[in-house]
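Participant: For the protein sequence lines, the chains are A and B, in the order given. According to our numbering, the first sequence is numbered sequentially starting from 17. According to our numbering, the second sequence is numbered sequentially starting from 993. All C-beta atoms in this analysis are idealised placements derived from N, C-alpha and C, irrespective of residue type, glycine included. Here the structure is a predicted model, which is why all the values come from computation and not from measurement. Take this structure, written in structure tokens, and hold onto it; I'll ask about it next.
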Amino acid sequence: MPITHKADESFRAPFRYANSDAAILRFPFPFPDDRYMYSVNLEPHVRGGPTEAFAAAFDIDEHYISECRERAMVLRQDPNRCLVLPHMMAAQWDTLELLMESLAQDYPEHFSLERAGERWTWTNRLLGLQDRFVFGDEHSLPQAPFEYITRQVQGDFTLQDQRDGTLYMDGGMVTTPADWSLEFDLGMTFHEWHGPVPVAHDIGVFDRALQYLLRLQHGRPVRRLNWTMTVNPRLDTSPENYPIWGPDKATVTPLNVGDKLHLRVELQTLYRLPRSNAILFGIRAYLASLSELARAPKWGRRLHRVLRDLHPDLVAYKGFSRYHQTAIDFLAAFDDGAPTSAGIGPDTDRLKA
Amino acid sequence: MIQTGPLFLRVVAIEPLSPRLKRITLQSAEGGLLPLSQPGAHLTLTLPGPGRGHRNAYSIVSPCDRRDHYQLIIRRAPASRGGSRHVHEVMAVGDVLEAAAPNSQFSIQSQTRKHLMIAGGVGLTPMLSLTSALRARGAHIELHQIAHVDEVAVFEALLAGERNVHIHTGRAKLDLTNLLARQPLGTHLYCCGPQAMMEAARDAAVALGWPETSLHQESFGAAGGAPFILRLARSGLEIAVGEHDTMLEAIEAAGVAAPSLCRGGACGVCLTSVIEGAPEHRDHVLSEAERAEGRKVLPCVSRSTTPYLVLDL
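This is the structure we're talking about:
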């Protein structure tokens, strides 16, 4: 069935956002078990996985047009959401090439890339764009290459330079963060920008993950899922905007929690870039309300169990202490105590009404 | 790009550069563009040989953004394990080879003010794609090549057009300490060549107080050593590792599939637990503490100091 790309969704008040049944079924639900704890949950990013969200190198879904418009609005208000340090120019071109090639390969009906030597033509039919430019000449594009292409892809991106035996966050396009700031983290090392995360440092997660990433190979990207809870279908939950979205936490009630509270999942991908040896980190965020997810019985049961038994430090770090119990109480109605199967798939192709 | 499966490459040219060096040009056997390579990258070829064949890693010398072909320069090893002998004596234009996609452990350091390169013999090969990428960025390069007197003309031709290049006939002609002592702060050293040369460069740099993070080296096929017996604990297999074999090759020849990637002691993919015996470490992955502990080994390059080595494989 062809996807209808919704053009009028809004990720800020007044909110207009919902997932179609197909979008719920393809959701990258992040819990393979009924309990959750941090781990080095990295695996090869190959095309194909437990749901359709894993089918492409970079997933484009029904929210694409609206998310690109939201990004443009954030950048108009706060241009510093896209920052790249000067030594990352080769990584900018690497990113542009990787994203254009991948999108044209996975979605030929929406995107195409024609190359005649260094003269490239990029067509984006969903956004109605066609640009001719010279690969390697940043003045031949409307914006610098990294900003130009990441304005046309869902999800945030950061660029990591590898030197001195660690990774440095030396660039990014971050308009949909889960409460972290690119402007604050820019130039930090891997351990520095992960500093605030509880528990994981003590169990060696970051040391092992860094060793693995330092050896990441071109052509062999890896992925992991991460998650948090977001009140309202808001993408820009940035520290810069905390006065706007922070108070939302006080608006969750037993009556509205099912529709108001969203599970936010990040399908994170890491690509070694060829020319620069940098790593491109893609943070593709998906939002689905508790009510939407509970229409898949396995997911309703499991989400109840995960939230009920979550380590208190993680509840605090992820910022949902205030409405944690409200969410558990709502989800309890969907948990009949039946066992759940291993893995993240919904185990159904039709949702409950 | 997500690379799945091996590449199939057709040999389109073989040029003798000297009695010991050949330049091989490869194109996609299926037509179309090859995956982008990276500055300093190597290609792992599967060459005919006993068992599953020889898998040898060779640096790509063509510029990394050329996607219509890859070029390699291959030296005939004096005690060839079979791979370079095949290239020099058997390989013909039109042959199709299987290869793993290019990979680099020898990447450009983005924040470096000056790139100092020391190469011994065919150790120049990874430097060629580095220098072409660095030149495009306007970077400051100084390159020292140590060459056998017979091959000076070959290396002069390969480095034609490069500035700041010095060719030395033999290692004795290059005063490493003097060279390293006069480098400005912010210089990064890339070193590739025989093990003894790389150790000498490293020792000289460390003695002068160079930070570890400014030293970068790549070795190809550390020379062999005393034979020993390998026992694989899970299968109970006993395998003789000859003077010129690597442990990894011996394991593969015995029909055991062991994970591996760079085959040069750099990527860490083949890291294996040691159950008994004392490994002789020749890799670039393990820390000093891990080496001293002796519980892990990289079978692609390392050997054994004991007659028996028992691995958790």
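1. Relative to the C-alpha of residue 1179 of chain B, which candidate in B/1100, B/1077, B/1008, B/1112 has its C-alpha closest?
2. Pick from B/1192, B/1056, B/1242, B/1137: whose alpha carbon is nearest that of residue 1041 of chain B?
3. Which of the three DSSP states is assigned to residue 140 of chain A in this structure?
4. Based on the DSSP output, what are the partners of residue 1095 of chain B in its beta bridges?
5. Residue 120 of chain A to residue 23 of chain A, Cα distance in whole Å?
6. Determine, using beta carbons only, whether residue 290 of chain A comes closer than 8 Å to chain B.
7. If you reduce the DSSP assignment to three classes, tell me which class residue 274 of chain A lands in.
8. Going by CA-CA distance only, name the one from B/1108, B/1190, B/1118 that's closest to residue 1355 of chain B.
9. Within the continuous alpha helix (DSSP H) that includes residue 314 of chain A, where are the two ends?
10. For residue 204 of chain A, which of helix, strand or coil comes out of DSSP?
11. In chain B, which residues lie with their C-beta within 9 Å of the C-beta of residue 63 of chain A?
12. Which residues bound the alpha helix (DSSP H) around residue 293 of chain A?
13. Of all the alpha helix (DSSP H) runs that stay within the bounds of the segment 217-288 of chain A, which reach a length of 4 or more residues?
14. Considering residue 1019 of chain B, what are the terminal residues of the beta strand (DSSP E) in which it resides?
15. Quick test of your reading: residue 243 of chain A and residue 46 of chain A, contact by CB under 8 Å. State the CB separation rounded to the nearest angstrom.
16. Which chain A residues sit within Cβ distance under 9 Å of residue 1056 of chain B?
17. With 16 other CB atoms within 10 Å as the buried threshold, where does residue 1300 of chain B fall?
18. Determine which residues share a DSSP beta bridge with residue 189 of chain A and list them.
19. Could you tell me whether the Cβ of residue 1027 of chain B comes closer than 8 Å to any Cβ of chain A?
20. To be precise: take each residue of the segment 1191-1212 of chain B, compare its Cβ to all Cβ atoms of chain A, and keep it if any distance is under 7 Å. Which residues remain?
21. Among residues of its own chain, excluding the 5 on either side of residue 282 of chain A, which ones have a beta-carbon nearer than 6 Å to its beta-carbon?
22. Where does the unbroken alpha helix (DSSP H) through residue 37 of chain A begin, and where does it stop?
23. Quick one: what does DSSP say residue 1184 of chain B is sitting in, helix, strand or coil?
24. Please classify residue 1198 of chain B: does DSSP put it in a helix, a strand, or coil?
25. Would a check of beta-carbon distances place residue 179 of chain A closer than 8 Å to chain B?
26. What residues in the segment 1089-1102 of chain B have a beta carbon less than 9 Å from any beta carbon of chain A?
27. On the three-state DSSP scale, how would you describe residue 1138 of chain B?
28. Sort out for me which residues DSSP pairs residue 53 of chain A with in a bridge.
29. Residues of chain A with CB under 7 Å from residue 1019 of chain B, in chain order?
30. Look at residue 1232 of chain B and residue 1240 of chain B and say whether their C-beta atoms are less than 8 Å apart.
31. Between the segment 1017-1025 of chain B and the segment 1050-1066 of chain B, can you find at least three pairs of beta-carbon atoms closer than 8 Å?
32. Determine whether the beta carbon atoms of residue 137 of chain A and residue 289 of chain A lie at a separation below 8 Å.
33. Would residue 1108 of chain B count as contacting chain A if we go by Cβ distances under 8 Å?
34. Hey, out of B/1056, B/1185, B/1037, whose CA is closest to residue 1125 of chain B's CA?
35. Closest to residue 367 of chain A by C-alpha separation, out of A/37, A/193, A/269, would be which residue?
36. What residues in the segment 1134-1157 of chain B bring their beta carbon closer than 8 Å to a beta carbon of chain A?
Facilitator: From the atom records:
1. B/1100
2. B/1242
3. strand
4. B/1034
5. 21 Å
6. yes
7. helix
8. This structure leaves residue 1355 of chain B out entirely; chain B is present only between 993 and 1305.
9. 313-324
10. Residue 204 of chain A falls in the coil class under three-state DSSP.
11. Neighbours of residue 63 of chain A on chain B, chain order: 994, 996.
12. No alpha helix (DSSP H) holds residue 293 of chain A; DSSP gives it neither H nor E.
13. 221-230, 258-261, 273-276
14. 1013-1020 is the extent of the beta strand (DSSP E) around residue 1019 of chain B.
15. 4 Å
16. 290, 291
17. exposed
18. A/98, A/173
19. yes
20. 1205
21. 242, 299, 301
22. 37-41
23. strand
24. helix
25. yes
26. 1093, 1094, 1095, 1096, 1097, 1099, 1100, 1101, 1102
27. It is a strand residue.
28. In DSSP, residue 53 of chain A forms no bridge with anything.
29. Under the 7 Å cutoff, chain A gives no residues; its nearest Cβ is about 18 Å from residue 1019 of chain B.
30. no
31. yes
32. Against a cut-off of 8 Å, the Cβ pair of residue 289 of chain A and residue 137 of chain A comes out as no contact.
33. no
34. B/1056
35. A/37
36. Result list empty, no residue passes.
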